[in-house]
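Enquirer:
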Ligand code: GDP
């Protein structure tokens with residue numbers, strides 16, 4: 108939690124502290140409620156969730172009458188956690204316990220536009236999984252960006268996961284297929300496929316990503332499609348996310364670079380917009396900077 112707090116310092120300084128300070132004012136008049144609304148919108152909480160939160164806070168603060176800082180913090184914590192929906196299933200399906208095909212690994216596709224942190228996330232996730240005793244094969248299906256396969260392989264060597272790669276500018280779907288084949292042959296329990304994220308033409312992306320998924324499915328169903336989004340891109344990221352969601356069924360969101368933004372409220376809006384849970388968060392460039400997303404811990408870090 109200490110680490111989470113320090114990594115979320117930017118959001119904490121503006122969003123968390125800002126909310127607590129506004130709510131502590133002696134008089135909560137219309138102007139103050141507007142300021143609160145403004146603050147939430149600036150932090151990318153999103154229009155509907157912001158309105159809901161302000162409504163709930165107004166009602167509860169009225170009932171409360173006099174407010175101690177502890178009471179306010181508790182109330183705000185409860186409402187923020189509720190807004191992030193703690194009931195959503197955030198389990199990552201990283202191995203299958205499939206009686207009929209025990210030799211088949213779980214298959215995870217990592218998707219998103221270039222630069223959001225797909226390769227880094229794949230590496231960090233492999234590290235966590237290997238540390239947990241999983242055997243992981245990495246598939247370098249981002250054949251579009253020349254350095255991506257090298258970068259992934261370097262991660263693989265660091266963390267103890269084998270990397271399957273193809274020829275430069277080769278067919279991503281064939282690399283993905285080979286990676287799963289390799290995973291099966293090795294008896295690995297998880298195959299993580301890092302895909303390419305060129306988004307200059309939507310149809311190009313549709314074709315390519317759709318094909319990767321279809322080809323991989325020749326081995327059996329895909330267990331997770333993780334959409335990686337850069338938290339610093341705000342509403343732009345949400346637009347991208349919707350394009351991806353049209354192409355493949357996203358099962359989880361990885362929100363990266365939360366350490367580099369004050370707009371931590373994006374966690375709330377992205378879940379709402381896609382109806383898919385945030386499962387992992389990226390908190391820095393280092394190997395240890397990937398964490399499971401837990402609404403309670405996240406809100407605690409935000410409120411400081
Ligand atoms: P890709 O093109 O989507 O595969 O993106 P990369 O994995 O190459 O990441 C792009 C840049 O973002 C790299 O410099 C990463 O180190 C950086 N990055 C990835 N995740 C995080 C994060 O959670 N926080 C920060 N600060 N940087 C990150």
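Residue numbers (the UniProt record's numbering): 108 to 411. C-beta atoms are modelled at their ideal positions from N, C-alpha and C, and glycine is treated no differently.
Determine the direct distance from the alpha carbon of residue 294 to that of residue 374, and round the result to whole angstroms.
Expert: Each residue's alpha carbon lies about 36 Å from the other.
Enquirer: Between the alpha carbons of residue 412 and residue 185, how many angstroms are there, rounded?
Expert: Because residue 412 is not part of the residues shown, which for the chain are 108 to 411, the question remains open.
Enquirer: What residue range is occupied by the uninterrupted alpha helix (DSSP H) comprising residue 379?
Expert: Note, residue 379: alpha helix (DSSP H), 373 to 381.
Enquirer: Reducing DSSP to helix, strand and coil, say where residue 314 ends up.
Expert: helix
Enquirer: Pair every Cβ in the region 266 to 275 with every Cβ in the region 171 to 183, then say whether three or more of these pairs are closer than 8 Å.
Expert: no
Enquirer: Whole angstroms are fine: how far does the CA of residue 228 sit from the CA of residue 109?
Expert: 22 Å
Enquirer: What are the complete alpha helix (DSSP H) segments, minimum 4 residues, inside the region 203 to 261?
Expert: Segments of the alpha helix (DSSP H) lying fully in the region 203 to 261: 225 to 238.
Enquirer: I'd like to know if residue 324 contacts chain B, where contact means its C-beta is closer than 8 Å to some C-beta of that chain.
Expert: Of the protein chains in the structure, only one exists, and it is not chain B.
Enquirer: With a threshold of 16 other CB atoms inside 10 Å of the CB of residue 232, please say whether the residue is buried or exposed.
Expert: It is buried - the Cβ of residue 232 has at least 16 other Cβ atoms within 10 Å.
Enquirer: Between residue 327 and the rest of its own chain, which residues show a CB-CB distance below 6 Å, the 5 nearest in sequence each way excluded?
Expert: 211
Enquirer: Across which residues does DSSP place residue 368 in a beta bridge pair?
Expert: Partner(s): none; residue 368 has no beta bridge.
Enquirer: Whose C-beta lies closer than 7 Å to the C-beta of residue 235 among residues of the same chain, with five residues either side of it excluded?
Expert: So the list reads 397, once near-sequence residues are dropped.
Enquirer: At what residues does the alpha helix (DSSP H) containing residue 398 begin and finish?
Expert: Note, residue 398: premise wrong, no alpha helix (DSSP H); beta strand (DSSP E) at 397 to 399.
Enquirer: Could you give the distance in angstroms between the alpha-carbon of residue 157 and the alpha-carbon of residue 147?
Expert: 6 Å
Enquirer: Starting from the C-beta of residue 242, find all residues in its chain whose C-beta is less than 6 Å away, skip the five residues before and the five after it, and write them out in chain order.
Expert: 295, 296
Enquirer: Regarding residue 371 and the ligand GDP, is the C-beta to nearest heavy atom distance less than 7 Å?
Expert: With a threshold of 7 Å, the Cβ atom of residue 371 does not count as near the ligand GDP, since no heavy atom of the ligand is closer than that.
Enquirer: Have a look at residue 300 and residue 366 and give me their C-alpha separation to the nearest angstrom.
Expert: 25 Å
Enquirer: Which residue or residues does DSSP assign as beta-bridge partners of residue 331?
Expert: 215
Enquirer: For residue 337, which residues does DSSP report across the bridge?
Expert: 363
Enquirer: Is residue 335 close to the ligand GDP? I mean its beta-carbon at under 7 Å from any heavy atom of the ligand.
Expert: yes
Enquirer: From which residue to which residue does the beta strand (DSSP E) around residue 297 run?
Expert: 297 to 302
Enquirer: By the three-class DSSP mapping on this structure, what secondary structure does residue 325 have?
Expert: Coil, per DSSP.
Enquirer: For residue 201, which of helix, strand or coil comes out of DSSP?
Expert: coil
Enquirer: I'd like to check one pair, residue 362 with residue 385: are the Cβ atoms closer than 8 Å?
Expert: yes
Enquirer: State the DSSP-derived secondary structure class of residue 355, mapped to helix, strand or coil.
Expert: Of the three classes helix, strand and coil, the one that applies to residue 355 here is coil, per DSSP.
Enquirer: Can you give the Cα-Cα distance for residue 122 and residue 140, rounded to whole angstroms?
Expert: 14 Å
Enquirer: Helix, strand or coil for residue 117? Go by DSSP, reduced to three states.
Expert: helix
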